[in-house]
Ligand code: NDP
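Numbering (my numbering), first residue to last: 118 to 358.
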């Protein structure tokens, strides 16, 4: 039987592509979501992948969900921390509420889920933890102090936990996508996209969710055990760290 993989925010956008890519590789996948029941229902009907509704930023909800997934599907061996939101605004206009929401959903969620699977991964001497950061966590982005801080936080978290997990067969890596054609990016006004964003991308186009899913499948594989504490940039050449 394939290994058990959980994808947070696995029902839409990049997470949707990741869930399908892992399923095609033979993993037993569980996907989480937060509020969009219709998208989750459609995703489950199309893929047969079980879905779990909970707030990844909430410790108690994560605790219940991880226990449930473990009962339903099995002990989690691959965790993809993909759930994320944006609440953009210049710092001088940013509300405390929007700061907290972004840190909670993009960063606290990664602590919650990773903390809840790490004991079982250590006990089994195998684990793959892959978190979805962002180009804007690598370089900073005007209007996204909250998002840039949360996504940069994932880089430090990953390097620390990679050192802790190395002797136990657990790899911890981060992927930093550039601009990917999902609802999150398509919500950007068309003229901003065409005049400001696309000219900055040397390959001349947005990325596809499947291109990020391929990165996840690569890092999740059993034979990727020598890659840990790494950040895989997939941004069409927009930012070269
Ligand atoms: P989408 O908005 O398309 O999908 C987000 C997913 O996360 C949905 O399944 C959503 O659930 C879920 N989600 C949101 N909040 C929570 C929460 N509190 N608890 C659990 N699940 C939650 O996002 P994208 O696919 O565009 O982005 C996926 C990840 O990639 C994010 O971390 C994002 O920051 C990152 N990223 C995206 C880029 C892009 O260009 N799109 C670029 C760089 C990074 P529901 O359907 O219920 O709302």
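C-beta atoms are modelled at their ideal positions from N, C-alpha and C, and glycine is treated no differently.
These numbers come from a predicted model, not from an experiment.
So, does the CB of residue i fall closer than 8 Å to a CB anywhere in chain C?
i: residue 245; result: The displayed structure is made up of one protein chain only, and chain C is not part of it.
Got a sec, what are the start and stop residues for the beta strand (DSSP E) residue i sits in?
i: residue 153; result: No beta strand (DSSP E) contains residue 153, which DSSP labels as neither H nor E.
i: residue 250; result: Neither: residue 250 is in no beta strand (DSSP E) and is coded neither H nor E.
i: residue 170; result: 168-170
i: residue 288; result: 287-294
i: residue 122; result: 121-124
i: residue 350; result: 348-351
Could you check whether the Cβ of residue i sits closer than 7 Å to any heavy atom belonging to the ligand NDP?
i: residue 225; result: no
i: residue 321; result: no
i: residue 209; result: no
i: residue 172; result: yes
i: residue 144; result: no
i: residue 129; result: yes
i: residue 199; result: yes
i: residue 291; result: no
i: residue 126; result: yes
i: residue 294; result: yes
i: residue 153; result: yes
i: residue 265; result: no
i: residue 169; result: no
i: residue 327; result: no
i: residue 356; result: no
i: residue 149; result: yes
i: residue 299; result: yes
i: residue 184; result: no
i: residue 132; result: yes
i: residue 302; result: yes
i: residue 156; result: yes
i: residue 202; result: yes
i: residue 222; result: yes
Under the assumption that residue i contacts residue j (Cβ atoms under 8 Å), give the Cβ distance between them as a whole number of angstroms.
i: residue 272; j: residue 254; result: 7 Å
i: residue 290; j: residue 249; result: About 11 Å separates the two Cβ atoms, so there is no contact after all.
i: residue 295; j: residue 324; result: 6 Å
i: residue 179; j: residue 230; result: 6 Å
i: residue 227; j: residue 292; result: Contact doesn't hold; Cβ gap of about 13 Å is too wide.
i: residue 235; j: residue 356; result: Actually they are not in contact, since the Cβ atoms of residue 235 and residue 356 sit about 30 Å apart, beyond 8 Å.
i: residue 299; j: residue 346; result: About 27 Å separates the two Cβ atoms, so there is no contact after all.
Could you tell me the boundaries of the alpha helix (DSSP H) in which residue i lies?
i: residue 277; result: 262-282
i: residue 78; result: Residue 78 lies beyond the residue range present for the chain, which begins at 118 and ends at 358; the question has no answer from this structure.
i: residue 141; result: 130-141
Below 7 Å, is the gap between the Cβ of residue i and the nearest heavy atom of the ligand FAD?
i: residue 251; result: Inclusion of the ligand FAD in the displayed structure is not the case, the ligand content consisting of the ligand NDP alone.
ask   = Per the contact definition of three or more C-beta pairs closer than 8 Å, is the region 138-150 in contact with the region 218-228?
value = With the cut-off at 8 Å, the region 218-228 and the region 138-150 do not touch.
key: Three CB pairs or more closer than 8 Å across the region 209-217 and the region 161-168   = no
key: Segment contact flag, the region 132-142 with the region 176-188, C-beta cutoff 8 Å, min 3 pairs   = Contact fails: fewer than three Cβ-Cβ distances are below 8 Å.
key: Contact between the region 234-249 and the region 194-202 (3+ Cβ pairs under 8 Å)   = yes
task = Could I get the ranges of all uninterrupted beta strand (DSSP E) runs contained in the region 197-252, with 3 residues as the minimum, in chain order?
result = 244-249
key: Contiguous beta strand (DSSP E) assignments of at least 3 residues, all confined to the region 298-343   = none
query = Do the region 259-272 and the region 298-317 meet, that is, are 3 or more Cβ pairs less than 8 Å apart?
reply = no
query = Should the region 120-134 be called in touch with the region 150-165, which here means at least 3 C-beta pairs below 8 Å?
reply = yes
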